[in-house]
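Enquirer: Under this note's numbering, think of the first position of the sequence shown as 7, with each following residue one higher.
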Amino acid sequence: MNNGKEVLIHQQFEELVQTFPGLALSQDAPGRWVIRGTLSFSATFQTMTIADAFSILIILPDDYPDSPPAVQETGGRIPSNFHQYGDRTLCLGAPVEVIRRFKVDSRLVTFVKTLVVEYLYGFAHFETHGILPFGELSHGCQGIRDYYQDAFSTDNVHITLALLKVLADGTYRGHHLCPCGSGNILRKCHGPILLCLLKHQPKERFLRDATNVLYSLEKFELADFDWGLLPKQLKLEFDEMARKRASQEKCD
Ligand SMILES: [Zn+2]
7 MNNGKEVLIH QQFEELVQTF PGLALSQDAP GRWVIRGTLS FSATFQTMTI ADAFSILIIL
67 PDDYPDSPPA VQETGGRIPS NFHQYGDRTL CLGAPVEVIR RFKVDSRLVT FVKTLVVEYL
127 YGFAHFETHG ILPFGELSHG CQGIRDYYQD AFSTDNVHIT LALLKVLADG TYRGHHLCPC
187 GSGNILRKCH GPILLCLLKH QPKERFLRDA TNVLYSLEKF ELADFDWGLL PKQLKLEFDE
247 MARKRASQEK CD
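(1) At a threshold of 6 Å, does S159 count as lining ligand 1 (C-beta to nearest heavy atom)?
(2) Report back the beta-carbon spacing between L121 and V104 to the nearest angstrom; my notes put them in contact at under 8 Å.
(3) Do you know how far the Cα of P85 is from the Cα of A175?
(4) Quick check: the region 164 to 172 against the region 227 to 242, are at least 3 beta-carbon pairs closer than 8 Å?
(5) Who are the near neighbours of K119 in its chain, counting only those whose CB is closer than 7 Å to its CB and skipping five residues on each side?
(6) Hey, out of H164, C186, C195, G197, whose CA is closest to E224's CA?
(7) Quick one, what's near ligand 1 if you take every residue whose CB is closer than 5 Å to any heavy atom, in chain order?
(8) Measure how close the beta-carbons of L201 and L240 come, nearest whole angstrom, since I'm counting them as under 8 Å.
(9) Measuring only the C-alpha atoms, how far is Y127 from L183?
(10) Using the C-alpha atoms, what's the distance from H16 back to K209?
(11) So the candidates are K11, F60, W39; which of them puts its Cα closest to the Cα of F129?
(12) In whole angstroms, what separates the C-alpha of T160 from that of Y221?
(13) Can the beta-carbon of P71 be found less than 7 Å from the beta-carbon of S32?
(14) Kindly indicate the opening and closing residues of the beta strand (DSSP E) around R38.
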């Protein structure tokens, strides 16, 4: 049992209940810390105030506070097709953005006040008005693609994938030519944003994000797609799939 971690969790929780008194801390299993209860909030975005309350479950990961908590809505109010992962945890935003914001301030109270309340506000707004209140809540593959296209200041998905490839393959060198086609070296082009992103998550996550961007492609975008833009690992997987399919077709 890690006592330092327990002390930290209790401190973080004490701070959290000052703002959200309806929540309680417990252990579901030895070492598996969860916070459950009613989250009441009043939040204002773009002059519209929404006051509401949701039943939630916050699961602290094994490596907390290195990774952000997972959150579920337990009152049966949010339908499963509304921005959630397969395990019903809420998709609070593009994963890399959630991790980046959590690293900037990893206190539980900040996590709940910002990421969780923004999400619940978004859902409450959607429930009443049929639309989401702000752009940040466009999730899933498209959300991840939008996130990187914003970060890279491009609307070109090929450039987005080429830059993600540098992150996923771990091949960043400041003196290499930037793959965006500007003719500048990385250091003087997309280098700073790549280095910033590299600080926030391991290579494997960029591989997963590149996969999501790939899955966001429309049919017409795949027609002239350059498979060389994919991270090495992802390309290997696709080559393997293609080989298997080719050999099956031969047997038939
Ligand atoms: Zn560039």
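Note that the Cβ used here is the ideal one computed from N, Cα and C, for glycine as well.
Expert: The relevant details are as follows:
(1) Walking along the sequence shown from the start, residue 159 turns up at place 153. No, Cβ of S159 sits at least 6 Å from all heavy atoms of ligand 1.
(2) Your numbering for residue 121 matches position 115 in the sequence shown. Your numbering for residue 104 matches position 98 in the sequence shown. Indeed, because the Cβ distance is near 6 Å, the residues count as touching under 8 Å.
(3) As a working mapping, residue 175 is identified with position 169 in the sequence shown. As a working mapping, residue 85 is identified with position 79 in the sequence shown. The sequence as given places Asp at residue 175; Ala does not occur at that position. Rounded to whole angstroms, the separation of the alpha carbons of P85 and D175 is 37 Å.
(4) Pairwise C-beta distances place the region 227 to 242 in contact with the region 164 to 172, as three or more of them are shorter than 8 Å.
(5) If you number the sequence shown from 1, residue 119 lands on position 113. Within the same chain, K119 has close Cβ partners T25.
(6) The sequence position of residue 224 within the sequence shown is 218, counting from 1. For the residues H164, C186, C195, G197, the minimum Cα distance to E224 belongs to H164.
(7) Spelled out in chain order, the answer is C184, C186, S188, C195, H196.
(8) Taking the first residue of the sequence shown as 1, we reach residue 201 at position 195. Taking the first residue of the sequence shown as 1, we reach residue 240 at position 234. Between the beta-carbon of L201 and that of L240 there is about 22 Å, and that puts the pair past the 8 Å contact cut.
(9) On the sequence shown, residue 127 is found 121 positions in, with the first residue counted as 1. On the sequence shown, residue 183 is found 177 positions in, with the first residue counted as 1. Rounded to the nearest angstrom, the two C-alpha atoms are 43 Å apart.
(10) The residue labelled residue 209 in the question sits at position 203 within the sequence shown. The residue labelled residue 16 in the question sits at position 10 within the sequence shown. Roughly 32 Å between the two C-alpha positions.
(11) Taking the first residue of the sequence shown as 1, we reach residue 129 at position 123. The candidate whose alpha carbon is nearest that of F129 is F60.
(12) Translated into the one-based positions of the sequence shown, residue 160 becomes position 154. Translated into the one-based positions of the sequence shown, residue 221 becomes position 215. Distance between the alpha carbons of T160 and Y221: 18 Å.
(13) If you number the sequence shown from 1, residue 71 lands on position 65. If you number the sequence shown from 1, residue 32 lands on position 26. With respect to the 7 Å criterion, P71 and S32 are not classified as neighbours on the basis of their beta carbons.
(14) Locating residue 38 in the sequence shown gives position 32, counting from the first residue. Counted as a single uninterrupted DSSP element, the beta strand (DSSP E) harbouring R38 occupies residues 38 to 51.
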